[in-house]
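Participant: Residues in the sequence shown are numbered consecutively from 1, following full-length UniProt numbering. Backbone N, C-alpha and C define an ideal beta-carbon position, used for all residues, glycine too.
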Amino acid sequence: MGNLGDEMKKVIQQNAWQDRYQHLIDTVMQDRYVQQFLLEHQEKITDELLEKSYAKLYEFVQERRKYDEGNPSMIAPGYEPQLFLNYRSIDVTYVPTKELLAKQEADAIKRRVKAIDIPKDVREATFDDFELTDEREYAYLECVDFVNHYIEQPKVFRQGLYLQGSFGVGKTYLLGAIANELAQSGFHTTLIHFPTFAVEMKQAIGNNSLNDKLEEVKKAPILMIDDIGADSMSAWIRDDILGVILQYRMQEQLPTFFSSNFDMEQLENQHLRQSQRGDDEPLKAKRIMERVRYLAKEIKMIGINRRIQ
Ligand code: ADP
Ligand code: MG
C-alpha cells in the first residue's frame with residue numbers, strides 16, 4: 001500500500017506541476033505584446049520554435065509588465081524589454097530608454113567634475129542658473145570667456161581666474177558653474193576646498209597616501225583652489241604642498257583657478273608672509289604669489305552676501 005501511496009503522490013505532483021506549466025503558457029499566450037509579435041512574424045514562427053521559446057516569452061511578459069507599471073524590481077531598470085526573433089527561437093532584448101540614456105549622459109558629465117568638500121548646491125551650479133547683477137557681470141563675462149576659449153583651444157594656455165570677494169558673494173558657486181559648463185563639453189575639473197585639503201594632506205602623511213593625493217591634484221587638467229587664505233597655513237603646506245602644485249601647473253601650463261576673501265596683495269602680505277610660528281617670510285610669500293599671478297587673473301566680485309538672505 002505504501003508504494004501505491006507514493007505513486008499516487010507522484011502523479012498528483014506531476015499534475016500540479018503540469019497545471020502550473022499550462023498556466024504559465026496561457027499567461028504568455030494571452031499577453032497582448034506576445035500576440036502582436038506572433039502575428040507580425042507568423043510566417044516564420046513554427047510550433048517547435050514557439051515551444052522552445054516559452055521560457056524567454058515568460059521572462060518577457062514578466063519584465064514587460066514591471067516596465068509598464070514602472071516597477072523598480074525589473075532585471076534591468078531603465079531598459080525596455082523587447083522581443084526579437086533569433087535564428088531558432090524568440091528572445092528578449094533590453095533596449096535602453098531615452099530617459100536612461102539622458103541620465104547616463106548627465107551622470108557622465110557629473111563625473112567629469114571632481115568636487116572635494118564642496119557643498120551640493122555649488123556642485124549643481126550652471127551659468128544658466130547664475131543670477132546676474134551689474135556688479136557681478138564682469139566676473140561672469142570673464143568666466144564665460146574662459147570657458148569659450150578653453151573649449152575652442154584646450155591646448156593653448158590661458159590664465160585662470162582669481163575670484164576675490166567677501167564671504168557669500170558667490171565665488172565658489174561661480175567656480176562650480178565653470179566646472180559644470182566645461183564638463184558639458186567633455187573636460188575634467190578638480191575643485192578643492194583648500195583649507196580642508198590642507199588638513200587632509202597632513203593626515204595623508206600618516207597613512208602614506210600623500211603622494212597619490214598630491215599628484216592627482218597637481219596634475220588635474222583644470223584645477224580650482226577654493227577659499228585660499230581662509231585658514232592659517234603652515235610653512236609646510238605653503239611651500240611643499242601649494243608651492244609644489246603651483247610650480248608644476250606653471251611648468252605644464254595647466255589652467256588653475258582660485259577663490260579667496262583676500263585680494264592678491266592681501267594674500268601675500270597678510271596671509272602667506274606670516275608662518276604659523278609667527279615668522280615673517282616675505283620671500284617665501286613672493287615666490288608663491290609669482291606663481292599665482294602667472295596662473296590667474298584677479299577679478300574682484302562685489303555684491304551682497306547671499307548666504308544670509
Ligand atoms: P562664496 O564662495 O563667495 O562665499 P558661495 O558661492 O558659497 O559664496 O555663495 C553663497 C550662496 O549663494 C550659496 O548658497 C550659493 O548657492 C548661492 N549663490 C551664489 N551665487 C549665486 C547665483 N549667481 N545664483 C544663485 N545662487 C547663488
Ligand atoms: Mg566659497
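With DSSP collapsed to three states, give me the class of residue 271.
Facilitator: Three-state DSSP puts residue 271 in a helix.
Participant: Is any non-hydrogen atom of the ligand ADP found closer than 7 Å to the C-beta of residue 365, if you look at the structure I gave you?
Facilitator: In the structure displayed, the chain extends from 1 to 309; residue 365 sits before or after that span and is not available.
Participant: Check whether the Cβ of residue 129 lies closer than 7 Å to any heavy atom of the ligand ADP, and answer yes or no.
Facilitator: Flag set: Cβ of residue 129 near the ligand ADP.
Participant: Rounding to the nearest angstrom, what Cα-Cα distance links residue 187 and residue 176 in this structure?
Facilitator: Looking at the two C-alpha atoms, the distance is approximately 13 Å.
Participant: Using the Cα positions of residue 173 and residue 140, report the straight-line distance between them to the nearest angstrom.
Facilitator: Roughly 11 Å separates the two Cα atoms.
Participant: Looking at residue 289: is its Cβ nearer than 8 Å to the Cβ of residue 268?
Facilitator: Yes, the Cβ-Cβ distance between residue 289 and residue 268 is below 8 Å.
Participant: Compute the Euclidean distance between the alpha carbons of residue 309 and residue 169, then round it to the nearest angstrom.
Facilitator: Per-residue confidence for residue 309 stands at a pLDDT of 47, beneath the threshold of 50, marking its modelled position as unreliable; the derived number appears in the next sentence. One C-alpha to the other measures close to 11 Å.
Participant: Using DSSP with H/G/I as helix, E/B as strand and the rest coil, what is residue 309?
Facilitator: Residue placement at residue 309 cannot be trusted, given a pLDDT of 47 that sits under 50; the coordinates are not used to answer.
Participant: Just curious, the beta strand (DSSP E) that residue 95 is in, first and last residue?
Facilitator: First-last of the beta strand (DSSP E) with residue 95: 90–96.
Participant: Can you tell me the Cα-Cα spacing of residue 21 and residue 102, whole angstroms?
Facilitator: So the alpha carbons of these two residues sit roughly 40 Å apart.
Participant: Should residue 217 and residue 210 be called a contact, given that it needs their Cβ atoms to be closer than 8 Å?
Facilitator: Result no, Cβ atoms of residue 217 and residue 210 do not sit closer than 8 Å.
Participant: For a quick check, are the C-beta atoms of residue 24 and residue 58 less than 8 Å apart?
Facilitator: Cβ distance < 8 Å, so residue 24 and residue 58 count as in contact.
Participant: Given residue 33, which residues of its chain have a CB within under 8 Å of its CB, disregarding the five upstream and five downstream residues?
Facilitator: Counting only Cβ-Cβ distances below 8 Å, and skipping sequence neighbours, we find 60, 61, 64 and 83.
Participant: Given that a residue counts as buried once 16 or more other Cβ atoms are within 10 Å of its Cβ, and exposed if not, what is residue 93?
Facilitator: With fewer than 16 Cβ atoms within 10 Å of its Cβ, residue 93 is classed as exposed.
Participant: Do residue 171 and residue 259 have their CB atoms nearer than 8 Å?
Facilitator: Yes. Within cutoff.
Participant: Tell me the start and end of each unbroken beta strand (DSSP E) in the UniProt domain "Primosomal DnaI N-terminal" (1–94) that is at least 3 residues and wholly inside, in chain order.
Facilitator: Runs of the beta strand (DSSP E) inside the UniProt domain "Primosomal DnaI N-terminal" (1–94): 79–85.
Participant: Hey, is the region 282–296 in contact with the region 195–211, meaning 3+ C-beta pairs nearer than 8 Å?
Facilitator: These segments do not touch.
Participant: By the 10 Å Cβ neighbour count, where 16 or more other Cβ atoms means buried, how is residue 1 classified, buried or exposed?
Facilitator: Caution is warranted here: a pLDDT of 49 is assigned to residue 1, below 50, making its placement in the model unreliable, and the coordinate value is therefore given only provisionally. The residue in question, residue 1, is exposed, as its Cβ has fewer than 16 Cβ neighbours within 10 Å.
Participant: Applying the criterion that 16 or more other CB atoms from any shown protein chain within 10 Å of the CB defines a buried residue, is residue 283 buried or exposed?
Facilitator: Answer is exposed; the Cβ neighbour count stays below 16.
Participant: Taking 8 Å as the cut-off, does the region 147–167 touch the region 236–247 (at least 3 CB pairs, one atom from each stretch)?
Facilitator: Result no; under three Cβ-Cβ pairs closer than 8 Å.
Participant: Which whole runs of the alpha helix (DSSP H) in the region 162–240 are 4 residues long or more, in chain order?
Facilitator: Fully enclosed alpha helix (DSSP H) runs of 4 or longer: 171–184, 194–206 and 210–218.
Participant: So, using beta-carbon positions, are residue 214 and residue 118 closer together than 8 Å?
Facilitator: Not a contact, by the Cβ cut-off of 8 Å.
Participant: Taking the straight line between their C-alpha atoms, what separation do you get for residue 17 and residue 40?
Facilitator: Straight-line Cα distance between these residues: approximately 32 Å.
Participant: With a threshold of 7 Å, establish whether the CB of residue 231 neighbours any heavy atom of the ligand MG.
Facilitator: Answer for residue 231: no, Cβ out of range of the ligand MG.
Participant: Distance, Cα to Cα, residue 276 vs residue 236?
Facilitator: If you take the alpha carbons of residue 276 and residue 236, they lie about 10 Å apart.
Participant: Distance, Cα to Cα, residue 233 vs residue 249?
Facilitator: C-alpha separation (whole angstroms): 20 Å.
Participant: Flag this pair as yes or no: are the beta carbons of residue 245 and residue 184 separated by less than 8 Å?
Facilitator: The answer is no: Cβ separation not under 8 Å.
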